[in-house]
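Participant:
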Amino acid sequence: MPRRLLLNGRIVDDDWVYLAEAEGNASAPLILSLAEWQTGRDQWLAQDRRLGVVLSPAHKVELLAPDIARLALIGADFSGPSEGRGYSQARILRERWKFGGELRATGYVRRDQLFFMARCGFNSFELPDTDLKTAQAALATFSWAYQPSNDVGLPFKLLHP
Amino acid sequence: MYRYDLTDKTLVRERVAQFRDQTRRFLAGELTDDEFRHLRLRNGLYIQRHAPMLRVAIPYGLLSSTQLRALGSIARRYDRGYGHFTTRQNIQYNWPKLEQVPDILAELAEVEMHAIQTSGNCIRNTTSDHLAGVTPEELEDPRPWCELIRQWSTFHPEFTYLPRKFKIAVTGAAQDRAASQVHDVGVHIVRGPDGELGFEILAGGGLGRTPIIGQVVREFLPRRHLLSYLEAILRVYNLEGRRDNIHKARIKILVKSLGIEEFRRRVEAEWISTRAEGLRVDDAEIARLRGFFNPPAYRNLPNTEPAAGKSTAFRAWYRYNTTAHKVPGYRAVYISLKKPDVAPGDVTDSQMELLADLADRYSFGEVRVTHTQNLLFADVEQDETFELWQTLEKAGLATPNIGTLTDMICCPGLDFCSLANAGSIDVAKLINERFDDYDYLYDLGELEVKMSGCMNACGHHHVGHIGILGVDKSGEEWYQITIGGAAGADASLGEVIGPSVAKLDVPETIARLLEVYVERRQPDERFLDVVRRLGVKPFKERVYATPAAA
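Below, the structure is given as structure tokens:
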């Protein structure tokens, strides 16, 4: 069964495969860890497929800066319910490096964090099935927000702009 | 004060609905203890020794009489008839039932209150000077800026899962009544080189097990950049602050390990991107916020001497529990929550309701919470202070001890808090029993005693002129004493005088410290000044010269 995820507000089958899932599939878009990307960068770029890289919380976003234009997906991994670095990674990718591709939240991603993640620029979420069902509603948790961020397209307005 | 419009109201109601759903999922077994912990903490709900504890936000300590009445009503119907005011100018309920918390929050929402971000690793309630707007020595009223920060920090999408909690204090006066130098970030309104008002920004202060005085990150920040600069500081902290060790996770540890120069360099580098147009503080918006804090309709009054010819009791209260106001004919009046036989900061449901009525009658319907766990009526006509005092006196709210030894800051301690090593409230009681002679208290003058039941330092013991820290010694409650701390503009950390003392010996220890002070003081020297001049040594010698023999 393909992975289901929330992409641009809709529940869809995941087109992408992680390297561990990629055996026998040389054309599907491929997600790599930063280490996999760094050790075989030229080899991956030579392949005719879309590429993505997932950052761990401690990784500096700047490590991907030279390759932003070559990546169709960047992921930020959340190691548990207290992890929060991915929120800053996402905003830096969107705002400073103008990353326009799929920005995916992976790891510990739950409906309760979805609104904040989406506001930081994530548009793709790997959620457990139970949370996937309620994810669209979770994106509409609040109708208003007090601060500007990266949330074009979310169903709420800025308060006191 | 700031009033919600329909949008603020909607946001808070949506939060209530969200938390109701989270509570339901937890009770239904859909969320684990740990998962729910992260969610409930961001809404002020702790699971404590006896019951949950709910902390309700009071932004920069400002309450309307309607809100105070609602807090009293909640205390009666959902708790055991009282609440506890904290050093973050908030209120805590110690006995709510978990399943009733969503209903409490729904009632709070109706009076424009909430428990958002009153705990957890996020930006907490912004605190300020309780004399904001009325003190004669103020450059500018800090409250519009506090409200701006409150709004910006509420549900900030990037900074809701920080390495650790984050506390901001804003002051606009020469005297620092908000302990801003021991905050993660201190914001001081200052005049810049061209005479314009802006901010001095401090970072890296804090108490807890590693007390540190904050350092200046930027000497002058133009006002339009306040939020973008805070965002830069928070982003550096969110990415670089330690997450591997809870005791090293506050921003003070990051600032200390990088050094202030390098920390500043990183913040300023980040600021280049956060300074984008969207976060510029708009003149119109700050003017709109200022409009909420316009002075009330003061009457044109002469200055009078209300204490003249009145009883000694009133004169003492007037001297200690009221303070100067910038408008002639007015005083700011402290409501002491430090009655000797009551836990410091506690107030009952009926007292809250009475105070709400009195605020309507005497102080334009507003009440403030001080970080020293008292309440304040900011705008009382001098000629009405006597009448007000008579009512307060009957209600047990006129203990004339503001700024004296018995006006102690005190955490809930072992009686309520699951983190505490030792009791605080019972030690406060012992101290009150020992020092019950007001002539002696007044002779001692300004003296700040601060007490924490564990090294988390909720009672700010490091910055007490006398600090008392509860420690666990093989299952017994002992107390480490520090002297020479201060939280004001001349902030300093207290020094430990020696080995900790047994609970029953705490009053005798304090008595000996005060003996040295009385013997050695010069005219107009406070206890703190004598400690600073002489050092710890003579105090230490006296305390440990002979057993305390309580």
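Quick mapping for you: the protein sequence lines, in order, are chains F and V.
Residue numbers in the first sequence follow the working numbering, run continuously in steps of one, and reach 1186 at the last position.
Residue numbers in the second sequence follow the working numbering, run continuously in steps of one, and reach 571 at the last position.
For each residue, glycine too, the CB sits at the ideal point set by N, CA and C.
1) Could you please tell me which residues of the region 1098 to 1114 of chain F, in chain order, have their CB closer than 7 angstroms to any CB of chain V?
2) Note down, one range per segment and in chain order, each alpha helix (DSSP H) of at least 4 residues found wholly within the region 68 to 154 of chain V.
3) Would you mind working out which of V:G466, V:R198, V:C479 and V:R563 sits nearest L549 (chain V), comparing C-alpha positions?
4) F1150 (chain F) CB to nearest chain V CB: under 8 angstroms?
5) Per DSSP, which one or two residues make a beta bridge with I1056 (chain F)?
6) To which residues does DSSP link M472 (chain V) through a beta bridge?
7) Between which two residues does the beta strand (DSSP E) containing T406 (chain V) stretch?
8) Which residues share a DSSP beta bridge with I452 (chain V)?
9) Looking at C-beta atoms only, is the number of pairs between the region 417 to 428 of chain V and the region 356 to 368 of chain V that lie closer than 8 angstroms three or more?
10) Compare the Cα-Cα distances from Y383 (chain V) to each of V:K450, V:T393 and V:W410 and report the closest residue.
11) Determine the contact status of T530 (chain V) and V564 (chain V), defining contact as a CB-CB distance below 8 angstroms.
12) Could you check whether the Cβ of A571 (chain V) sits closer than 8 angstroms to any Cβ belonging to chain F?
13) Within 8 angstroms (strictly less), CB to CB, does R1116 (chain F) reach chain V?
14) Look at G485 (chain V) and E469 (chain V) and say whether their C-beta atoms are less than 8 angstroms apart.
15) S1052 (chain F) touches chain V at which residues, Cβ-Cβ below 8 angstroms?
16) Using a beta-carbon distance below 8 angstroms, is P1027 (chain F) in contact with chain V?
17) Relative to the alpha-carbon of Q202 (chain V), which residue among V:A127, V:I222, V:R90 and V:V288 has its alpha-carbon at the smallest distance?
18) Going by DSSP in three states, Y1112 (chain F) sits in which element: helix, strand or coil?
19) For P165 (chain V), which of V:G154, V:R145 and V:G350 has the nearest alpha-carbon?
20) How many Å lie between P1186 (chain F) and F176 (chain V) at the Cα?
21) Determine the burial state of H268 (chain V): buried for a count of at least 16 other Cβ atoms within 10 Å of its Cβ, exposed for fewer.
22) Less than 8 angstroms between the CB atoms is what I'm expecting for L92 (chain V) and I112 (chain V), so what's the real figure, rounded?
23) Tell me which residues share the same chain as R101 (chain V) and place their Cβ nearer than 7 angstroms to its Cβ, disregarding the 5 neighbours each side in the sequence.
24) Just the C-alpha distance for L1089 (chain F) and V1042 (chain F), rounded to the nearest angstrom, thanks.
25) Please give the ranges of any beta strand (DSSP E) in the region 1061 to 1105 of chain F, keeping only runs that are unbroken, at least 3 residues long and fully inside the region.
26) By DSSP, does P243 (chain V) sit in helix, in strand, or in coil?
27) Within its chain, find whatever has a CB closer than 7 angstroms to the CB of P243 (chain V); leave out the 5 residues flanking it on each side and keep chain order.
28) On the three-state DSSP scale, how would you describe H209 (chain V)?
29) Which residues in the same chain as Y463 (chain V) place their Cβ atom closer than 6 angstroms to its Cβ, once the five residues preceding and following it in sequence are excluded?
30) If we ignore side chains and look at the alpha-carbon of each, how far apart do C432 (chain V) and E56 (chain V) end up?
Facilitator: On the basis of the supplied data:
1) So the close ones are P1106, S1107, E1108, G1109, R1110, Y1112 and S1113.
2) Secondary structure in the region 68 to 154 of chain V: the alpha helix (DSSP H) runs of 4 residues or longer, each lying completely within the stretch, are 86 to 99 and 122 to 131 in chain order.
3) The count along the second sequence starts at 1 and reaches residue 549 (chain V) at position 528. Considering only alpha carbons, the answer is V:G466.
4) Working through the first sequence from its first residue, we reach residue 1150 (chain F) at position 125. No, F1150 (chain F) does not count as interfacial toward chain V.
5) For the purposes of this step, residue 1056 (chain F) is taken as residue 31 along the first sequence, with counting starting at 1. The partner list for I1056 (chain F) (beta bridge, DSSP) reads F:Y1043 and F:G1077.
6) Here residue 472 (chain V) is taken as the residue at index 451 of the second sequence, counted from 1. Beta bridge pairing from DSSP links M472 (chain V) with V:C431 and V:I489.
7) Within the second sequence, numbered from 1, the residue matching residue 406 (chain V) stands at position 385. Looking at the DSSP string, T406 (chain V) is not in any beta strand (DSSP E); the run it does join, the alpha helix (DSSP H), is T406 to K415.
8) As a first step, residue 452 (chain V) must be located in the second sequence, where it is residue number 431. BP columns for I452 (chain V) are empty, so no partner.
9) A contact exists between the region 417 to 428 of chain V and the region 356 to 368 of chain V.
10) As a working mapping, residue 383 (chain V) is identified with position 362 in the second sequence. Looking at the Cα atoms, V:W410 is the closest of the given residues.
11) Taking the second sequence and counting its residues from 1, the one referred to as residue 530 (chain V) is at position 509. Taking the second sequence and counting its residues from 1, the one referred to as residue 564 (chain V) is at position 543. Going by C-beta atoms, T530 (chain V) is nearer than 8 angstroms to V564 (chain V).
12) Along the second sequence, one-based indexing puts residue 571 (chain V) at 550. Since pLDDT at A571 (chain V) reaches only 49, below the 50 mark, its modelled position is unreliable, and no value is offered.
13) The residue you call residue 1116 (chain F) lines up with position 91 of the first sequence. For R1116 (chain F), the nearest beta carbon of chain V is closer than 8 angstroms to its own beta carbon.
14) Taking the first residue of the second sequence as 1, we reach residue 485 (chain V) at position 464. Taking the first residue of the second sequence as 1, we reach residue 469 (chain V) at position 448. Yes, they are a contact pair.
15) Numbered from its first residue, the first sequence carries residue 1052 (chain F) at position 27. Chain-ordered listing is empty here: chain V has no CB closer than 8 angstroms to the CB of S1052 (chain F), the nearest sitting near 36 angstroms.
16) By 1-based counting over the first sequence, the position of residue 1027 (chain F) is 2. Judged by the 8 angstroms Cβ criterion, P1027 (chain F) is not in contact with chain V.
17) As a working mapping, residue 202 (chain V) is identified with position 181 in the second sequence. Checking every option, the nearest Cα to that of Q202 (chain V) belongs to V:I222.
18) As a first step, residue 1112 (chain F) must be located in the first sequence, where it is residue number 87. Taken through DSSP and simplified to helix, strand or coil, Y1112 (chain F) comes out as helix.
19) The sequence position of residue 165 (chain V) within the second sequence is 144, counting from 1. Nearest option by C-alpha distance: V:G154.
20) Working through the first sequence from its first residue, we reach residue 1186 (chain F) at position 161. Working through the second sequence from its first residue, we reach residue 176 (chain V) at position 155. Residue confidence is low: P1186 (chain F) scores 42 on pLDDT, short of 50, so the model does not pin down where it sits. Its coordinate-derived value is still stated next. If I take the Cα positions, the gap works out to 16 angstroms.
21) The count along the second sequence starts at 1 and reaches residue 268 (chain V) at position 247. With fewer than 16 other Cβ atoms within 10 Å, it is exposed.
22) Position 71 of the second sequence, counted from the start, is the residue given in the question as residue 92 (chain V). Position 91 of the second sequence, counted from the start, is the residue given in the question as residue 112 (chain V). L92 (chain V) to I112 (chain V), Cβ: 6 angstroms. Contact.
23) Within the second sequence, numbered from 1, the residue matching residue 101 (chain V) stands at position 80. Sequence-distant partners of R101 (chain V) (beyond 5 residues in either direction) whose C-beta falls short of 7 angstroms from its own C-beta, in its chain, are W116.
24) Here residue 1089 (chain F) is taken as the residue at index 64 of the first sequence, counted from 1. Here residue 1042 (chain F) is taken as the residue at index 17 of the first sequence, counted from 1. Inter-residue distance for L1089 (chain F) and V1042 (chain F) is about 20 angstroms (C-alpha atoms, whole angstroms).
25) Counting only runs of 3 or more residues that sit fully inside the region 1061 to 1105 of chain F, the beta strand (DSSP E) segments are 1076 to 1080 and 1098 to 1103, in chain order.
26) On the second sequence, residue 243 (chain V) is found 222 positions in, with the first residue counted as 1. In the three-state reduction of the DSSP assignment, P243 (chain V) falls in the strand class, which pools E and B.
27) For the purposes of this step, residue 243 (chain V) is identified with residue 222 of the second sequence, where counting begins at 1. A distance below 7 angstroms between beta-carbons, with the five flanking residues on each side excluded, links P243 (chain V) to the following residues of its chain, in chain order: G219.
28) Reading the second sequence from its first residue, position 188 is the one you call residue 209 (chain V). Per DSSP, reduced to three states, the secondary structure at H209 (chain V) is strand.
29) Position 442 of the second sequence holds residue 463 (chain V). Take Y463 (chain V), set aside five residues on each side of it, and no residue of its chain has a beta-carbon closer than 6 angstroms to its own.
30) Counting from 1 along the second sequence, the entry for residue 432 (chain V) is found at position 411. Counting from 1 along the second sequence, the entry for residue 56 (chain V) is found at position 35. Those two C-alpha atoms are separated by around 27 angstroms.
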